[in-house]
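Quick mapping for you: the protein sequence lines, in order, are chains A and B.
Number 77 in numbering that gives the first Met the number 0 belongs to position 78 of the first sequence; there are no gaps in the numbering.
Number 46 in numbering that gives the first Met the number 0 belongs to position 47 of the second sequence; there are no gaps in the numbering.
There are 2 protein chains.
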Amino acid sequence: MIKLSRITDYGIVLLAHLAGSKDGSTQSAREVARETGLPAPVVSKILKSLAREGLLVSHRGAKGGYSLARSPEEISVPEMIGALEGPIGLTQCTVHPGACAQEATCHVREPWQQINQVVRDALGEISLADLATPAAGSIVPLKSLGVDTANLTEA
Amino acid sequence: MIKLSRITDYGIVLLAHLAGSKDGSTQSAREVARETGLPAPVVSKILKSLAREGLLVSHRGAKGGYSLARSPEEISVPEMIGALEGPIGLTQCTVHPGACAQEATCHVREPWQQINQVVRDALGEISLADLATPAAGSIVPLKSLGVDTANLTEA
DNA sequence: TATTTACAGGACCGGTTCGGTCCGATATTC
DNA sequence: GAATATCGGACCGAACCGGTCCTGTAAATA
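Below is the structure:
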């Protein structure tokens, strides 16, 4: 199963939670953990990473905490994923060129690069704001991709 | 990094290799291993899985081997991925509903379902034939997605 | 029929990654 | 100075993964 690591999954939930709070308000790791129902040490660890990657700004000391570094509209899904588990790439040769011995003779490589790009572009159309808005049918950019979301066939 | 397992990666290379051979011709696991330069035991293991999942047909005994169960045009990327590492789903709740305790209160869930669908659709547009054709600029379906592949920005 | 070839299925193992916890240091507020 | 809260990193156990090997069975050939 192609999947995000649980850390990334949690991280996006945490970001969405912060995006749903008052704009610019800082919340401590403990608060966020309590309100999202996720284990506190994990939340702390994830928020630290997100701050280090520049998606959150941290305030130390009493009354400290974390807040979004930018507005939710300016934070894209690939950024969030990239911050927590590195750049998006389905194949190793996408992220680490030269690591694969078959790279020179591999005829599948170029198509995969394009496939990766399609996935990246698709995810790039979606912002944290789209995830944070609770209402249904909120993700507008999906339609702009020209993908018909009506016929949902199980893969 | 969102990535396919190496097994899946190899598997797609193997499928593309078979697709590039004469139509309907069967090749033994050892042959495929030799011609692709991948370790023989691994190739054998992967081909077995692909046969079990119905993407390849196997012929036992002397002069046996594997051949594609369908034409390359009829085999999609999600099928290949699904056969080797299960259904495509970025989040656990996509594939295993109910496994996440926060599912009821999670506001991020529905958007993710749509995101998953976008990725699935994007991959579904690409067939094994697209991967197997060695020429550049071969992936036509990408354009049908409405994705502009011209401006490739690094994610 | 005997022999050879090659897949089928599963057991097995070592290495790596991952989720998760915890601690000392540092910075800020009151 | 005391309390609060992040920062950075060490640490551990469990799960997963890549890879190997062995036994059984089916098909082709002589």
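Glycine included, C-beta positions come from ideal geometry on N, C-alpha and C.
Every value quoted in this text rests on a predicted model; they were computed, and no experiment measured them.
Helix, strand or coil for HIS95 of chain A per DSSP?
The answer is coil: DSSP assigns HIS95 of chain A none of H, G, I, E or B.
Q.
I'd like to know if ILE1 of chain B contacts chain A, where contact means its C-beta is closer than 7 Å to some C-beta of that chain.
A. yes
- prompt: Are the beta-carbon atoms belonging to PRO25 of chain B and GLY64 of chain B less than 7 Å from one another?
  reply: Correcting the residue type first, residue 25 of chain B is Thr in the shown sequence and not Pro. Yes, the pair counts as a contact, with Cβ atoms nearer than the cut-off.
Discussion item. So VAL118 of chain A contacts chain B; which residues on that side make the cut at Cβ distance below 7 Å?
Written reply: VAL118 and ALA121
Note to self: According to DSSP, is GLY64 of chain A part of a helix, a strand, or is it coil?
What the structure shows: strand
Task: Exposure of ARG69 of chain B, with buried meaning 16 or more beta-carbon neighbours within 10 Å - done: exposed
Hey, does ILE87 of chain A have any beta-carbon neighbour from chain B nearer than 7 Å?
yes
Note to self: For GLN26 of chain B, list the residues DSSP reports as bridge partners.
What the structure shows: As computed with DSSP, GLN26 of chain B is found in a beta bridge with B:TYR65.
- prompt: If you follow the beta strand (DSSP E) that VAL56 of chain A is part of, which residue opens it and which one closes it?
  reply: Start and end: 55–58.
Quiz item: Is SER75 of chain A helix, strand or coil by DSSP?
Solution: strand
Taking Cβ-Cβ distances shorter than 9 Å, what residues in chain A pair up with GLN26 of chain B?
By Cβ distance, chain A contributes nothing, its closest Cβ being about 16 Å from GLN26 of chain B, past 9 Å.
| message | Just to check my reading of the structure: LEU127 of chain A and PRO86 of chain A have Cβ atoms closer than 8 Å, yes? What is that Cβ distance to the nearest angstrom? | response | In fact, because the Cβ distance is near 18 Å, the residues do not count as touching under 8 Å.
CA nearest to the CA of ARG51 of chain B, picked from B:GLY36, B:PRO38, B:GLY81 and B:ARG108:
B:GLY81
### Task
Indicate whether the contact test is met: 3 or more Cβ pairs, each with one atom in the stretch 106–125 of chain A and one in the stretch 116–126 of chain B, closer than 8 Å.
The answer is yes - the stretch 116–126 of chain B touches the stretch 106–125 of chain A, with three or more Cβ pairs under 8 Å.
query: Which stretch, first to last residue, makes up the alpha helix (DSSP H) that contains ALA100 of chain A?
result: From DSSP, ALA100 of chain A is part of no alpha helix (DSSP H); its letter is neither H nor E.
Self-check item: Beta carbon proximity, GLY97 of chain A to chain B, threshold 7 Å
Solution: no
Exercise. Quick one: Cα of GLU109 of chain B to Cα of MET79 of chain B, how far?
Worked result: 26 Å
Next on the checklist: I'd like the list of long-range same chain contacts for GLY10 of chain A, defined as Cβ closer than 8 Å, with 5 residues on each side in sequence excluded.
Outcome noted: The residues ILE45, SER48, LEU49, MET79, ALA82 and LEU83, in chain order, have a CB closer than 8 Å to that of GLY10 of chain A in the same chain once the five nearest residues on each side in sequence are set aside.
Residues near VAL76 of chain A in its chain [Cβ-Cβ closer than 6 Å; skip 5 each side]: LEU122 and ILE125
Worksheet item: With DSSP run on the structure shown, which of helix, strand or coil describes SER43 of chain B?
Response: helix
Proximity test, Cβ basis, 7 Å: LEU130 of chain A and chain B
yes
Is it buried or exposed for LYS62 of chain B, if we count other Cβ within 10 angstroms and need 16 for buried? Exposed.
Quiz item: Is any beta-carbon of chain B found at less than 7 Å from that of ALA149 of chain A?
Solution: In this predicted model, ALA149 of chain A has a pLDDT of only 32, less than 50, meaning its place in the structure is not dependable enough to derive any value.
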